[in-house]
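Step one of this worksheet: look at the structure below.
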Amino acid sequence: MGCLGEGHFNEELENGVSIECGEVGFQEEGNTNTAAIEDAVKVLLVGLGEDINREGIKKTPLRVAKALREGTRGYRQKVKDIVEGALFPEAGLDNRIGQAGGAGGLVIVRDLDLYTYCESCLLPFQVKCHVGYIPSSQRVVGLSKLSRVADVFAKRLQEPQRLANEVCSALHQGIQPAGVAVILQCTHIHFPDIESIFLESNQQGWVKKLVSSGSGVFENKNADVWADFFCLLKFRGIDVEKISLRGSSDQHWCPSLSALSAKVSSKIEPLDPTMITAVSSILNSLGEDSLRKELSGTPSRFVKWLLNFQSIDMDVKLNSSLCGRIDTLNINREINFNDRQIHSELNLPFWSQCEHHILPFHGVVHIGYFLSEGFNPIGKSLLQSIVHFYGFKLQVQERLTRQIAETISPLLGGHVIVVVEASHTCMISRGIEKYGSSTATIAVLGCFSTDFSARAAFLQRVASATSSGGQQFLLEVEMF
Ligand SMILES: Nc1nc2c(ncn2[C@@H]2O[C@H](COP(=O)(O)OP(=O)(O)OP(=O)(O)O)[C@@H](O)[C@H]2O)c(=O)[nH]1
Ligand SMILES: [Zn+2]
1 MGCLGEGHFN EELENGVSIE CGEVGFQEEG NTNTAAIEDA VKVLLVGLGE DINREGIKKT
61 PLRVAKALRE GTRGYRQKVK DIVEGALFPE AGLDNRIGQA GGAGGLVIVR DLDLYTYCES
121 CLLPFQVKCH VGYIPSSQRV VGLSKLSRVA DVFAKRLQEP QRLANEVCSA LHQGIQPAGV
181 AVILQCTHIH FPDIESIFLE SNQQGWVKKL VSSGSGVFEN KNADVWADFF CLLKFRGIDV
241 EKISLRGSSD QHWCPSLSAL SAKVSSKIEP LDPTMITAVS SILNSLGEDS LRKELSGTPS
301 RFVKWLLNFQ SIDMDVKLNS SLCGRIDTLN INREINFNDR QIHSELNLPF WSQCEHHILP
361 FHGVVHIGYF LSEGFNPIGK SLLQSIVHFY GFKLQVQERL TRQIAETISP LLGGHVIVVV
421 EASHTCMISR GIEKYGSSTA TIAVLGCFST DFSARAAFLQ RVASATSSGG QQFLLEVEMF
């Protein structure tokens with residue numbers, strides 16, 4: 001496949017793996033590309049109707065440019081340099097029948113967490129990577145290099161099967177083993193259906209795809225050695241035996257290509273051509289060819305995704321919902337503290353876009369309130385609309401939490417608690433790369449701000465409805 005030594009640029013690498021070329025010109029080229037991406041991001045922000053001098057997003061173009069350069073650094077890395085210096089002699093079996101050590105003993109590294117950019121929509125997708133190889137010629141490779149090589153190809157615009165093939169092929173060429181096997185469990189964010197999302201909230205979830213690639217003795221999909229690989233994965237609770245080793249024939253791994261998404265997106269066309277040109281110029285600045293077949297629709301798909309967060313239509317929807325609501329309610333009545341019933345609506349999904357990095361963050365909102373006398377409970381669909389209204393914007397989580405609380409508070413008499421739980425792609429796919437991390441924020445208004453027991457009662461209700469985390473914590477405390 002010609003992956004070994006492949007790279008569009010040979011500049012100094014961000015992860016310090018290899019410095020192929022110390023020429024000053026490459027640094028300058030990097031700066032020029034970063035500046036070009038910044039300019040393009042400004043065009044996108046303006047297209048979304050944002051004020052690019054607003055405090056929260058002033059630095060966003062630079063952050064996005066840095067994130068994209070970092071997320072595609074694989075174009076500037078060379079596999080050869082990574083592997084070559086880390087091949088170590090290791091004995092095989094001495095005059096016995098069998099395979100072991102540097103001559104035939106299967107080695108696998110499991111659960112490598114990677115992030116890569118989807119070439120169809122430019123959103124990051126998560127990859128759990130398992131790599132195996134069978135050493136030959138009495139030599140083994142440094143374990144970390146399996147991960148580093150996988151990362152070289154993850155840090156490019158990718159599609160799952162191609163990523164698996166490229167990692168497999170590059171390792172095979174670099175190590176020259178008896179065979180290499182790669183299994184990837186890929187998880188792509190789902191695209192919200194912005195039109196119907198107000199009607200049904202069942203828009204959570206992920207698109208998952210499992211792919212594999214094998215070389216040498218792993219080329220035969222029925223080889224016993226694959227069974228060994230699967231069993232070693234099972235030790236970690238990973239059951240991939242049912243995967244089609246011939247590769248999935250799913251037409252649309254990326255939700256942006258699905259029929260539903262196309263239908264939804266068609267409703268927010270026509271797209272601003274300057275935004276599309278801006279995304280094309282970003283692709284070129286990253287070292288890609290925006291005319292490459294697989295990338296030809298990517299700029300418009302990315303712009304369509306972004307326009308979800310313009311939320312013009314939803315202003316009207318929310319205002320009409322709220323006006324209708326406020327007309328039928330009395331405002332400023334005291335809460336009946338004798339009846340301490342906390343009304344709650346848990347797990348309302350939301351989608352948002354981090355205004356610092358223009359990357360998705362999404363999760364659920366839990367709302368609790370005391371109903372003041374003379375007020376009526378708010379139905380789930382109105383709460384969900386409010387959540388979506390403040391979600392579909394360039395946001396930060398604290399502001400989202402506050403805005404939801406402030407909006408529903410006058411509709412209920414002022415005693416409201418709102419908890420937002422979210423995964424931030426910018427915390428996971430880039431920068432600090434805290435896989436599995438999530439963020440929770442709380443806003444408390446009225447008596448929830450002073451009455452600890454009311455707060456605790458609501459939070460306990462959320463804990464028992466959503467996970468067993470609370471119990472685990474108690475057990476840990478008892479151990480001390
Ligand atoms: N408070 C808050 N911070 C957020 C939210 N979303 C993203 N961020 C943070 O915004 C900050 C931006 O920090 P900067 O130092 O300007 O940008 P950066 O260099 O990309 O930061 P790193 O993420 O640390 O690499 C980061 O710490 C992000 O984690 C959010 O909803 N709320
Ligand atoms: Zn995609």
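Residue numbers (UniProt numbering): 1 to 480.
Ideal Cβ placement from N, Cα and C applies to all residues, glycine included.
Pull up the DSSP beta-bridge partners for residue 466, would you.
DSSP output for residue 466 lists no bridge partner at all.
Just mark residue 58 as buried or exposed, buried being the case when its beta carbon has 16 or more other beta carbons within 10 Å.
Counting Cβ neighbours within 10 Å, residue 58 comes out exposed, since fewer than 16 surround it.
What's the gap between the Cα of residue 62 and the Cα of residue 34?
Roughly 8 Å separates the two Cα atoms.
Express the C-alpha separation of residue 32 and residue 223 in angstroms, rounding to a whole number.
Approximately 50 Å between the Cα atoms of the pair.
Give a yes or no on contact between the stretch 378-386 and the stretch 420-434, applying the rule of three or more CB pairs nearer than 8 Å.
At 8 Å Cβ cutoff, the stretches do not touch.
Go ahead and pull the three-state DSSP assignment for residue 121.
If DSSP states are grouped into helix, strand and coil, residue 121 belongs with coil.
Buried or exposed: which applies to residue 464, given that a residue is buried once 16 or more other Cβ atoms fall within 10 Å of its Cβ?
Residue 464 is exposed by the Cβ-count criterion.
Count the other CB atoms within 10 Å of the CB of residue 138; is the residue buried (16 or more) or exposed (fewer)?
Answer is exposed; the Cβ neighbour count stays below 16.
Have a look at residue 72 and residue 155 and give me their C-alpha separation to the nearest angstrom.
Rounded to the nearest angstrom, the two C-alpha atoms are 4 Å apart.
According to DSSP, is residue 460 helix, strand or coil?
Helix, per DSSP.
Can you tell me the Cβ-Cβ gap for residue 447 and residue 370, rounded? I've got them flagged as a contact below 8 Å.
Yes, they are in contact, since the Cβ atoms of residue 447 and residue 370 sit about 7 Å apart, within 8 Å.
Can you check whether the CB of residue 168 is closer than 7 Å to the CB of residue 215?
Closer than 7 Å, so yes.
Can you tell me whether residue 482 is buried or exposed? The criterion is at least 16 other CB atoms within 10 Å of its CB, across all chains shown.
Outside the displayed range of the chain (1 to 480) lies residue 482, so it cannot be described from this structure.
Identify the continuous beta strand (DSSP E) that holds residue 154 and give its terminal residues.
Segment 143-154 is the alpha helix (DSSP H) holding residue 154; no beta strand (DSSP E) there.
Please determine whether the Cβ atom of residue 63 lies at a distance below 6 Å from any heavy atom of ligand 1.
Flag set: Cβ of residue 63 near ligand 1.
Does the structure place the stretch 155-164 close enough to the stretch 100-110 that three or more beta carbon pairs sit under 8 Å?
The answer is no - the stretch 155-164 does not touch the stretch 100-110, with fewer than three Cβ pairs under 8 Å.
Sort out for me which residues DSSP pairs residue 351 with in a bridge.
362, per the DSSP bridge assignment.
Per DSSP, what kind of secondary structure is residue 188 in: helix, strand or coil?
Strand at residue 188.
Kindly give me the distance between the Cβ atoms of residue 119 and residue 294, rounded to whole angstroms, as I take these residues to be in contact under 8 Å.
At roughly 5 Å, the Cβ-Cβ gap stays under 8 Å, so residue 119 and residue 294 are in contact.
On the DSSP letters alone, give me the boundaries of the alpha helix (DSSP H) that residue 88 sits inside.
Counting along the chain, residue 88 falls outside any alpha helix (DSSP H), though it belongs to the beta strand (DSSP E) covering 87-89.
For the stretch 69-105, list the beta strand (DSSP E) runs that are entirely contained and at least 3 residues long, ordered along the chain.
Listed in chain order, they are 87-89.
Would you call the stretch 130-137 in contact with the stretch 169-186, where contact means no fewer than 3 C-beta pairs closer than 8 Å?
At 8 Å Cβ cutoff, the stretches touch.
Taking just the CA atoms, how far does residue 99 sit from residue 93?
Their backbone Cα atoms lie some 7 Å apart in a straight line.
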